[in-house]
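Using full-length UniProt numbering, read the sequence shown as starting at 1 and increasing by one per residue.
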Amino acid sequence: MMVRQRKTVTHKSINNETSSSSGSSESSFGSKTFKFLSVWKTGVGFVCFLIAVYISTLGYLETRVNTPFDDDKVVKDSGLAVPDRYWGTYRPGVYMGLKSREPRSPVFGLMWYELAAAAQKGIRHWCDQNDNLATYGWLRHDGVTFGEQLISDPPHNITTSFIKTPGGEHGGQWTARINVTTRGNANVPFVLIWYAALDEALGPAAPLSRLWYEDGAILGHTPQLHNFRVSLVPHKGKLLHKSFSEAHAPGLHLLKEKFYALLKVERHSTFGRLAVLGTDDELSDKEKDINFVPIQMLVETPFVLDVVYTNEDLPTPPLKGEEYSKALKVHQKSFDEEFEEKFKLTEKGYPPPDVGAGRAALAGLVGGVGYFFGAGRVRSQYTREPVPYWRAPLYTAVPSRSFFPRGFLWDEGFHGLLLGRWSPDIAMDIAAHWMDLINVEGWIPREQILGAEALARVPKEFVVQSNAAANPPMLLLQLAGLVRRQPSLFDSPGKHRAALDRMFSRLQAWYQWFQTTQKGEEPTSYRWRGREDDGLQLNPKTLTSGLDDYPRASHPSDIERHVDLRCWMYAAADAMATIADVLLRDSSKYEAVRDQLADEDLLNELHWSPHTQTYADYGLHSDGVRLVRQQPKQPGEATRVVRSVTVPPQPRLVTSAFGYVSLFPMLLKVLKPDSDKLGKILEDLDKPDLLWSPYGLRSLSKSSPLFMKRNTEHDPPYWRGQVWLNINYLALSALRHYSQTGPHAARASDLAARLRDNLVRNVLNEYKRTGYLYEQYSGEDGKGSGCKPFNGWTALIVLIMADDY
Ligand SMILES: *[C@@H]1O[C@H](CO)[C@@H](O)[C@H](O)[C@H]1NC(C)=O
Ligand SMILES: *[C@@H]1O[C@H](CO)[C@@H](O)[C@H](O)[C@H]1NC(C)=O
């Protein structure tokens, strides 16, 4: 809609200008002069016209990248209109934080430090790997009313939980409990900080929203919540000292820094000198209002604190003390029952510790769901500078609370596989938010960095998203999977059917965007855009494919074609057909594309190497590349490591990079069950010197020249041998599929059983050994590597345990 409006407005103004200038020339000059002038003027007018058209076209093209898709939004109800998911732990990047699903929600959160160790350990607030916590993560979390988390910061254990009480018109109430114990039940002075803050990223919160301190509690008002109160109620243990501050913080990303600045040293009878909260000098500036109210409590462990949020609108007595303890037990029990009902791990014979690990894997994903609001930064070939995307909300799970506490497009498709089993409501709402981020071109930015807190955690070079960049359409596959698994949600009138209906034009546009922008030079071939050879990388990365440094053609070029993308497009066409079908729309054109991409002769022509008997990418490639240290050209210059090419590249299949990419025709079920190529892939899968390891399938074959090789001086290997759970999940799903029928069924079934056992054993062992799920696992010793906790797609281990694909 916005685009069309823009276009008409510009055309109109051009027409007006030209007509009014020729009109005035006719009346005021003699005929000769008039002719000359008129010709001259028409010429000038024409040039002006061309310039105007050029500029407006440029303006038009420039604005396409951040113009929203022109149709009804998929998300219809948000904020208070969805009362059961209004409040939540929607700040996954902090150890414990709550906010509502509202662009300008007040945020609440916890910080802590050990009095005697404050200097060495600092203050805990954001999930941070450098804090070296022994473990942390949700043990139970239903995504709606309740959650329970264990944080182990030796010698202390901090259990945080929350329970929501629905009711009223303003989002209901909640209680959060912070329970601190110390090893050996020791009594140790410990500092807990609970704060409330207003987000001012969208402009000053006052006068509409306010926060202040009164009678030991945090009070506040916002247009949505009206009057609310947060009381800190000690339930067990000794409170030694309490202080507070009413302050102005420069932004949500600087709360901890502001907290430090508010500390003043005071004399204390027991502790000598004590850092307590004091007044904020900045508030004397009349422009600045209170937007940050921290309360610091010096306690002696063990200590149990109830944080009670009440709303004036709902005068029922809030949950606290023994009553809370009782309610917590009830929630724990019903969560465990629901988990068993959905995944049946106990029934399948898993012992209690493994079932507990499975619950924690799921809870970590559900508890990692956040609510973000803001505008990312994007660019296209027509924008001179990066431009802001439109401001939008995003309700999404995150891959890792410490390292990637924000939304990632292809990750979300994998998250949805598990979330959809737990709660189709949550999975559909998340998909709806993502689909509302599609622009008029049909593009969805791959990484979503919305709001000050999210932005503060992303290195500058990764902030701007290019509209040439794709990312696997896993979200589309996941939606189709949900439709196939639970057709009753979609085949008759209801909220999910209606949402999918609203989504359809967007899904179509997204699908079409891939078809037009990621095409290869040969018919039915595809190419990931965005590869750049800077002379420093051993093999230029393909970030858009999701497989970052997985080796591709050594010299990026337009002749390249990527077998994984071609298979994704097969699966995308198949998914579109499924969704079109259930919505009773025309699915024939998707079926036609799907069938064409499933044509094995075509696939083999583009990607099968008769020589190595494997599928591969095609492009300008040389295996004769290595990293060398370059001597400085001038004295005093630092040496640097660059790529040296010893054998010139040739157009060819990239067969040396055997690994996940080579498996895609099987992974995405492109091959027919009776395909002899499938037989060869299954045979290769089982070879320990290639991809098979006792810990899952390696991303790259041990025999590949780039196996576990660094990509630059600073980039360790990432998708060059490590075991990744998302692709292993796809492999299991495919193996189960091929176990049903055909000449390879027995082999597929045997591989599936062994692969599953390997993955489950290793992921659970590592969880028990270290307290975390990991981004990836070593194919050599099974050890977790990359970032932690990674309860994104690694949480798929729950579905693998349940044998549910
Ligand atoms: C606090 O945590 C400890 C250790 O997990 C537990 O034994 C105790 O019951 C908890 N107390 C309350 C009141 O929740
Ligand atoms: C913390 O909790 C874990 C899990 O319940 C337990 O194994 C560990 O001993 C506890 N640590 C302390 C310091 O209490």
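All residues carry an ideal CB built from backbone N, CA and C; glycine is no exception.
Practice problem: Excluding the 5 residues preceding and the 5 following residue 292 in the sequence, name in chain order all residues of the same chain whose CB lies nearer than 7 Å to its CB. | Solution: These residues qualify, in order along the chain: 195, 197, 247, 248, 249, 255, 258.
Quiz item: How about residue 182: is its Cβ closer than 8 Å to a heavy atom in ligand 2?
Solution: Result yes, Cβ under 8 Å from ligand 2.
Quiz item: Can you name the start and end residues of the alpha helix (DSSP H) that residue 262 belongs to?
Solution: DSSP places residue 262 in the uninterrupted alpha helix (DSSP H) bounded by 255-262.
Quiz item: When the Cα of residue 307 is compared with those of 175, 273, 241, which residue comes out closest?
Solution: It is 175.
Self-check item: Which residues DSSP lists as bridging residue 378, in chain order
Solution: Answer is 387, 465, bridged to residue 378.
Quiz item: Can you give the Cα-Cα distance for residue 394 and residue 408, rounded to whole angstroms?
Solution: Distance between residue 394 and residue 408, taken at the CA atoms: about 11 Å.
Quiz item: Would you call the CB atoms of residue 706 and residue 656 closer than 9 Å?
Solution: A contact, by the Cβ cut-off of 9 Å.
Exercise. Examine the Cβ distances between the region 722-731 and the region 693-701 and report whether three or more of them are shorter than 8 Å.
Key: Short answer: they touch.
Quiz item: Expressed to the nearest angstrom, what Euclidean distance is found between the alpha-carbon atoms of residue 71 and residue 531?
Solution: Approximately 32 Å between the Cα atoms of the pair.
Practice problem: Answer with buried or exposed for residue 645, where buried requires no fewer than 16 other C-beta atoms within 10 angstroms of its C-beta. | Solution: Residue 645 comes out exposed.
Quiz item: Considering residue 120, what are the terminal residues of the alpha helix (DSSP H) in which it resides?
Solution: First-last of the alpha helix (DSSP H) with residue 120: 118-121.
Quiz prompt | Whole-Å CB distance - residue 182 paired with residue 188, under 8 Å assumed | solution = About 5 Å separates the beta carbons of residue 182 and residue 188, which is inside the 8 Å limit, making them a contact pair.
Quiz prompt | Boundaries of the beta strand (DSSP E) in which residue 194 is found, first to last residue | solution = Segment 189-197, the beta strand (DSSP E) holding residue 194.
Quiz item: Which whole-angstrom value is the C-beta distance of residue 594 and residue 577, which I expect to be below 8 Å?
Solution: Confirmed, Cβ separation roughly 6 Å.
Quiz prompt | Distance between residue 544 and residue 427 (C-alpha atoms, nearest Å) | solution = Note on geometry: alpha-carbon atoms of residue 427 and residue 544 lie some 24 Å from one another.
Quiz item: What residue from 414, 641, 790, 201 has the CA that sits closest to residue 628's CA?
Solution: Between residue 628 and the set 414, 641, 790, 201, the nearest pair of CA atoms involves 641.
Quiz item: So what does residue 621 bridge to, in DSSP terms?
Solution: In DSSP, residue 621 forms a bridge with 650.
Quiz item: Can you find a heavy atom of ligand 4 that lies under 8 Å from the Cβ of residue 328?
Solution: For the structure depicted, ligand 4 is absent and the ligand set comprises only ligand 1 and ligand 2.
Quiz item: Do residue 561 and residue 521 have their CB atoms nearer than 9 Å?
Solution: Contact flag set, yes.
Quiz item: If you measure from the CB of residue 152, is any heavy atom of ligand 2 nearer than 8 Å?
Solution: Yes, ligand 2 has a heavy atom inside 8 Å of this Cβ.
Quiz item: Could you give the distance in angstroms between the alpha-carbon of residue 340 and the alpha-carbon of residue 361?
Solution: Answer to the nearest angstrom: the Cα atoms are 14 Å apart.
Quiz item: Can you tell which of 68, 411, 367, 652 has the C-alpha that lies nearest to the C-alpha of residue 607?
Solution: Looking only at 68, 411, 367, 652, the smallest Cα-Cα distance to residue 607 is reached by 652.
Exercise. Please say whether residue 228 and residue 170 have beta carbons closer to each other than 9 Å?
Key: By the CB criterion at 9 Å, residue 170 and residue 228 fall inside the cutoff.
Practice problem: In the DSSP assignment, find the unbroken beta strand (DSSP E) run with residue 147 in it and report its ends. | Solution: Run containing residue 147: 146-153, per the beta strand (DSSP E) assignment.
Exercise. Work out the CA separation of residue 184 and residue 481 for me, nearest whole Å.
Key: Using only the alpha carbons, I get a separation of about 49 Å.
Self-check item: Other residues of its chain near residue 299: CB distance less than 7 Å, five sequence neighbours each side excluded
Solution: Sequence-distant Cβ neighbours of residue 299 in its own chain, meaning closer than 7 Å and more than five residues away, are 190, 192, 237, 238, 239, 240.
Self-check item: Backbone CA spacing between residue 633 and residue 647 [nearest angstrom]
Solution: Taking the straight line joining both Cα atoms gives about 24 Å.
Self-check item: Buried/exposed call for residue 260, threshold 16 Cβ in 10 Å
Solution: Residue 260 is exposed by the Cβ-count criterion.
Quiz prompt | Paired residues, beta bridge with residue 178 - DSSP | solution = Partner(s): 160, 305.
Exercise. Please look up how many angstroms separate the CB atoms of residue 442 and residue 528, rounded, as I've assumed it's under 8 Å.
Key: Not a contact, Cβ separation roughly 17 Å.
Self-check item: Spatial neighbours of residue 397 in its chain, beta-carbon cut-off 6 Å, leaving aside the 5 residues before and after
Solution: In chain order, 365, 368, 369, 415 place their CB closer than 6 Å to the CB of residue 397, counting only its own chain and leaving out the 5 sequence neighbours on each side.
Quiz item: Contact between the region 131-148 and the region 73-88: three or more CB pairs below 8 Å?
Solution: Segments in contact, yes.
Practice problem: Take residue 179 and list the residues in its own chain whose beta-carbon comes closer than 6 Å to its own, dropping the five residues that flank it on each side. | Solution: Residues of the same chain with a CB within less than 6 Å of the CB of residue 179, apart from the 5 flanking positions on each side, are 159, 304 in chain order.
Quiz item: Cβ of residue 177 within 8 Å of any heavy atom in ligand 1?
Solution: Checking the Cβ of residue 177 against ligand 1 gives yes.
Quiz item: Say the cut is 8 Å; is the CB of residue 714 nearer than that to a heavy atom of ligand 2?
Solution: It does not: the Cβ of residue 714 is nowhere closer than 8 Å to a heavy atom of ligand 2.
Quiz item: Quick one: complete alpha helix (DSSP H) runs, 4+ long, within the region 585-638?
Solution: Fully enclosed alpha helix (DSSP H) runs of 4 or longer: 588-598, 600-607.
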